[in-house]
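Peer 1: Residue numbers (UniProt numbering): 1 to 560. Glycine included, each C-beta is placed from N, C-alpha and C at the ideal position.
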Amino acid sequence: MYGNDAQLSECEVYKVEQSSQVSTEEKPWRNVLWTAERKDELMEMIRNHKPLVASVSQIRILMIGPVGAGKSSFFNSINSIFMGRITSKAMSGSAGTSLTTQFRTYPVKDGREGKPLSSVLCDTMGLEEQSGAGLDIEDISSILQGHVPDRYKFNPSTPFQPDEQKASKPASIQEKIHCVVYVIDATKISLMSDKLQEKLASIRRKVNSLGIAQIILMTKVDEACPLVEMDLQNLYLSSYIKSKVQEVSSQLGVPVSCVLPVKNYSQELELELNCDILLLTALQQMLNFADDYLDDVGIRKDELMEMIRNHKPLVASVSQIRILMIGPVGAGKSSFFNSINSIFMGRITSKAMSGSAGTSVTTQFRTYPVKDGREGKPLPFVLCDTMGLEEQSGAGLDIEDVSSILQGHVPDRYKFNPSTPFQPDEQKTSKSASLQEKIHCVVYVIDATKISFMSDKLEEKLASIRRKVNSLGIAQIILMTKVDEACPLVEMDLQNLYLSSYIKSKVQEVSSRLGVPVSCVLPVKNSQELELELNCDVLLLTALQQMLNFADDYLDDVGM
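Right, here's the structure in full:
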């Protein structure tokens with residue numbers, strides 16, 4: 001021992017305090033093959049890994065964690081394994097403030113002259129509990145969405161401001177983050193402050209909203225438990241490490257199965273087989289989780305956007321599908337257009353006036369084309385917005401106006417007059433409008449929180465409209481909005497939508513009230529946030545794609 005033997009170091013005192021808690025399980029609580037063959041197998045799997053999406057050449061893994069937890073050390077350790085020697089490419093250490101001041105993307109090569117592997121480890125400035133210090137949460141949002149370039153230098157007091165031209169269109173899925181790894185020091189889990197836990201919780205909420213895969217990398221397991229320090233193969237026999245895994249799982253709200261204990265290389269001069277197996281197992285799991293993300297909503301959003309971009313109406317004379325939005329005041333007609341426009345612009349937009357006033361915010365008939373990005377071409381549909389329906393006669397949208405709209409007679413920006421229905425020009429009405437000018441799909445926009453409170457008068461107005469639409473054979477859909485406000489389970493996580501019994505009952509109720517099949521009721525959440533949310537986008541795009549399909553069924557029937 002260096003120094004005075006009578007004076008124990010802080011680390012040694014910690015170990016003595018914990019030694020009384022060290023006990024072993026009767027059998028390992030996770031199974032690991034601690035063999036050279038297993039290491040070779042893991043390395044080969046990682047070498048040969050191909051992301052599930054053809055447009056993604058490398059999985060991008062973002063490392064987030066407190067200062068000194070071991071983010072940079074994890075990259076150095078993985079790099080060391082594939083280089084066959086200890087390396088130190090990324091700056092690492094245990095300073096009180098973050099040694100990493102830039103956003104760095106570290107590809108790993110298969111040996112000195114080898115080809116790049118299918119993973120890029122993205123290193124960030126360390127999290128600190130004080131506000132205005134360490135990594136800013138807004139910077140994480142920009143990183144997740146692929147806007148932050150390599151070597152960008154963080155400024156804790158000023159979040160990253162993306163270039164306006166680049167921010168006007170969404171980054172490709174190749175540029176985005178596919179897996180987020182929270183790097184947590186096993187020796188400090190019980191000492192994590194409330195402020196730091198809240199920072200991590202805020203990040204998790206953002207990552208959840210984007211549907212990105214998440215893992216906890218629990219480092220320094222050898223320093224946390226004398227049994228593991230003695231022999232790394234004792235890791236999954238240690239009751240203490242098992243308790244730390246459960247504790248950090250509970251603190252961060254990540255399943256126990258997603259907590260991966262490792263030992264990074266820090267002071268070693270040579271590679272160690274057991275250490276390599278834990279590190280490679282963790283990296284392989286990150287790649288698997290990223291593939292789950294790409295296979296799930298990430299790829300689905302891109303697929304939906306591409307299908308909508310390439311959609312061609314079945315009738316050659318119709319260049320754009322015209323979709324009419326009808327519904328009570330405040331149900332979310334204008335918000336649906338804004339949400340769809342936001343997805344294709346890659347940022348939140350508010351082109352159509354929306355709100356929750358007692359009377360309709362929309363006073364004109366508006367036809368809203370959507371462009372594929374700021375400089376992109378118009379997409380093959382037009383969303384038509386109307387004045388909101390109100391239960392009183394002589395207020396809100398008049399049913400006669402709906403008839404004129406359906407038949408293609410009402411021009412864009414016509415101002416509604418609830419007491420006087422639209423009077424078309426006699427010369428124009430002497431001949432019917434072209435199929436291009438007519439409505440091809442009608443969408444009833446209904447607030448999920450107000451279905452049970454719908455008045456008899458409003459229900460009768462909707463029934464009258466439905467009878468008219470039926471007589472023309474036009475496709476019909478119900479868009480059930482505000483599902484997050486209707487159900488706490490869905491508000492917590494939008495992916496719970498189709499697990500919610502309450503939402504299922506609301507779908508059945510609105511189907512029965514309006515006389516539209518359950519299969520034609522599409523639950524969505526319109527964008528109300530400051531940034532796009534992946535799960536929200538997938539629901540909205542799925543609804544839009546269904547509207548285009550239903551419109552094609554109508555065109556196939558009347559236009560051939």
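Roughly how many angstroms lie between the CA atoms of Q145 and A463, to the nearest whole one?
Peer 2: Here residue 145 is taken as the residue at index 145 of the sequence shown, counted from 1. Here residue 463 is taken as the residue at index 463 of the sequence shown, counted from 1. When rounded, the distance between both Cα atoms is 44 Å.
Peer 1: Between the alpha carbons of S350 and S527, how many angstroms are there, rounded?
Peer 2: Here the question's residue 350 lines up with position 350 in the sequence shown. Here the question's residue 527 lines up with position 527 in the sequence shown. Approximately 10 Å, taken between the alpha carbons.
Peer 1: Can you have a look at K333 and say buried or exposed, based on whether 16 or more other CB atoms are within 10 angstroms of its CB?
Peer 2: Position 333 of the sequence shown, counted from the first residue, corresponds to residue 333. Classification for K333: buried.
Peer 1: Can you list, in chain order, the residues of its chain whose CB lies under 8 Å from that of V518, leaving out five sequence neighbours each side?
Peer 2: On the sequence shown, position 518 is the one that residue 518 refers to. Closer than 8 Å at the Cβ level, and outside the excluded window around V518, lie V507, Q508 and S511.
Peer 1: Is it buried or exposed for R366, if we count other Cβ within 10 angstroms and need 16 for buried?
Peer 2: Against the sequence shown, residue 366 aligns to sequence position 366. By the neighbour-count rule (16 or more Cβ atoms within 10 Å), R366 is buried.
Peer 1: Would you mind stating whether G65 and G84 have Cβ atoms separated by less than 8 Å?
Peer 2: Numbered from its first residue, the sequence shown carries residue 65 at position 65. Numbered from its first residue, the sequence shown carries residue 84 at position 84. In this structure, G84 does not lie closer than 8 Å to G65 by Cβ.
Peer 1: Output the boundary residues of the alpha helix (DSSP H) element that contains M286.
Peer 2: Here the question's residue 286 lines up with position 286 in the sequence shown. Counting along the chain, the alpha helix (DSSP H) containing M286 begins and ends at L273 to Y293.
Peer 1: Closer than 8 Å is the cut-off here; do at least three beta carbon pairs connect the region 280 to 288 with the region 28 to 43?
Peer 2: Flag = yes, the region 280 to 288 and the region 28 to 43 touch.
Peer 1: Am I right that L548 and I321 are in contact with their C-beta atoms under 8 Å? What's the rounded C-beta distance?
Peer 2: Along the sequence shown, one-based indexing puts residue 548 at 548. Along the sequence shown, one-based indexing puts residue 321 at 321. About 6 Å separates the two Cβ atoms, so the contact holds.
Peer 1: Give me, in chain order, the residues of the same chain whose beta-carbon lies closer than 8 Å to that of S172; leave out the 5 immediate sequence neighbours on both sides.
Peer 2: Residue mapping note: residue 172 aligns to position 172 of the sequence shown, counting from 1. Only S55 and G146 meet the Cβ criterion.
Peer 1: DSSP has C179 in a bridge; who is on the other side?
Peer 2: Counting from 1 along the sequence shown, the entry for residue 179 is found at position 179. In DSSP, C179 forms a bridge with I61 and A213.
Peer 1: Would you list the one or two residues that DSSP bridges to L260?
Peer 2: Here residue 260 is taken as the residue at index 260 of the sequence shown, counted from 1. Note: L260 sits in a beta bridge opposite L217.
Peer 1: Flag this pair as yes or no: are the beta carbons of residue 561 and E25 separated by less than 8 Å?
Peer 2: Lying before the first or after the last residue shown, residue 561 is absent from the chain, which here runs from 1 to 560.
Peer 1: Jot down the residue ranges of each uninterrupted beta strand (DSSP E) in the region 321 to 350, minimum 3 residues, whole runs only, in chain order.
Peer 2: Fully enclosed beta strand (DSSP E) runs of 3 or longer: 321 to 326.
Peer 1: Tell me the residue span of the alpha helix (DSSP H) that contains I78.
Peer 2: Your numbering for residue 78 matches position 78 in the sequence shown. It spans K71 to M83 - the alpha helix (DSSP H) in which I78 sits, taken as one unbroken run.
Peer 1: Output needed for D557: all residues of its chain with C-beta closer than 7 Å, excluding positions within five of it in sequence on either side, in chain order.
Peer 2: Along the sequence shown, one-based indexing puts residue 557 at 557. Contacts found: G473.
Peer 1: Please classify P328: is it buried, with 16 or more other beta-carbons within 10 angstroms of its beta-carbon, or exposed?
Peer 2: By 1-based counting over the sequence shown, the position of residue 328 is 328. Flag for P328 reads buried.
Peer 1: Can you confirm whether the region 176 to 187 touches the region 208 to 228 when touching is taken to mean that 3 or more C-beta pairs between the two stretches lie within less than 8 Å?
Peer 2: Because the criterion of three Cβ pairs below 8 Å is met, the region 208 to 228 and the region 176 to 187 touch.
Peer 1: Looking at the unbroken beta strand (DSSP E) that takes in Y554, where does it start and where does it end?
Peer 2: Against the sequence shown, residue 554 aligns to sequence position 554. That residue, Y554, is in no beta strand (DSSP E); its alpha helix (DSSP H) goes L534 to V558.
Peer 1: When you compare each of G330, A201 and I340 to T386 by their alpha carbons, which one comes out closest?
Peer 2: To locate residue 386, count along the sequence shown from 1; it is residue 386. Among G330, A201 and I340, the Cα nearest to that of T386 is on G330.
Peer 1: What is the DSSP secondary structure of T187, counted as helix, strand or coil?
Peer 2: As a working note, residue 187 is residue 187 in the sequence shown. Here T187 sits in helix by DSSP.
Peer 1: To the nearest angstrom, how far is the alpha carbon of Q58 from that of P116?
Peer 2: Taking the sequence shown and counting its residues from 1, the one referred to as residue 58 is at position 58. Taking the sequence shown and counting its residues from 1, the one referred to as residue 116 is at position 116. Computed Cα separation, rounded: 9 Å.
Peer 1: I need the straight-line Cα distance from V443 to V469, nearest angstrom please.
Peer 2: Position 443 of the sequence shown, counting from 1, holds the residue named residue 443. Position 469 of the sequence shown, counting from 1, holds the residue named residue 469. If you take the alpha carbons of V443 and V469, they lie about 11 Å apart.
Peer 1: If contact is defined by three or more beta carbon pairs under 8 Å, each pair taking one atom from either stretch, is the region 449 to 466 in contact with the region 374 to 381?
Peer 2: Touching, no, given that fewer than three Cβ pairs across the two stretches are closer than 8 Å.
Peer 1: Applying the criterion that 16 or more other CB atoms from any shown protein chain within 10 Å of the CB defines a buried residue, is M345 buried or exposed?
Peer 2: Residue mapping note: residue 345 aligns to position 345 of the sequence shown, counting from 1. Answer is buried; the Cβ neighbour count reaches 16.
Peer 1: Using CA coordinates, which residue listed in K301, S257 and I189 is at the minimum distance from A543?
Peer 2: By 1-based counting over the sequence shown, the position of residue 543 is 543. Here the closest residue by C-alpha is K301.
Peer 1: Quick one: give me the first and last residue of the alpha helix (DSSP H) that D484 is part of.
Peer 2: Here residue 484 corresponds to residue number 484 of the sequence shown, with the count starting at 1. Where D484 is concerned, the enclosing alpha helix (DSSP H) stretches over V483 to A486.
Peer 1: Specify the secondary structure class of P523 as computed by DSSP and reduced to three states.
Peer 2: The residue you call residue 523 lines up with position 523 of the sequence shown. Looking at P523 - three-state DSSP - the assignment turns out to be strand.
Peer 1: Could you tell me if E128 is buried or exposed, where buried requires 16 or more neighbouring beta carbons within 10 angstroms of its beta carbon?
Peer 2: Residue numbering aside, residue 128 sits at position 128 when the sequence shown is read from its first letter. It counts as buried.
Peer 1: Would you please state the rounded distance, in angstroms, between the beta carbons of S434 and S339? I believe it to be under 8 Å.
Peer 2: Residue numbering aside, residue 434 sits at position 434 when the sequence shown is read from its first letter. Residue numbering aside, residue 339 sits at position 339 when the sequence shown is read from its first letter. Actually they are not in contact, since the Cβ atoms of S434 and S339 sit about 29 Å apart, beyond 8 Å.
Peer 1: Would you list the one or two residues that DSSP bridges to F416?
Peer 2: Position 416 of the sequence shown holds residue 416. Answer is none; F416 lacks a bridge partner.
Peer 1: With the cut-off set at 8 Å, would you say T219 and A69 are in Cβ contact?
Peer 2: Locating residue 219 in the sequence shown gives position 219, counting from the first residue. Locating residue 69 in the sequence shown gives position 69, counting from the first residue. Going by C-beta atoms, T219 is nearer than 8 Å to A69.
Peer 1: So, are the CB atoms of L252 and R204 less than 8 Å apart?
Peer 2: Indexing the sequence shown from 1 puts residue 252 at position 252. Indexing the sequence shown from 1 puts residue 204 at position 204. Taking 8 Å as the Cβ cut-off, L252 and R204 qualify as a contacting pair.
Peer 1: Under the rule that 16 or more other beta-carbon atoms within 10 Å means buried, what is E306, buried or exposed?
Peer 2: Counting from 1 along the sequence shown, the entry for residue 306 is found at position 306. By the 10 Å Cβ count, E306 comes out exposed.
Peer 1: By Cβ distance, which residues of its chain are closer than 7 Å to Q174, with the 5 residues on each side in sequence left out?
Peer 2: In the sequence shown, the residue the question calls residue 174 occupies position 174. Around Q174: S55, V56 and S57.
Peer 1: Would the region 72 to 80 and the region 116 to 126 be scored as touching if the rule is three or more Cβ pairs under 8 Å?
Peer 2: Cβ pair count under 8 Å is three or more, so yes.
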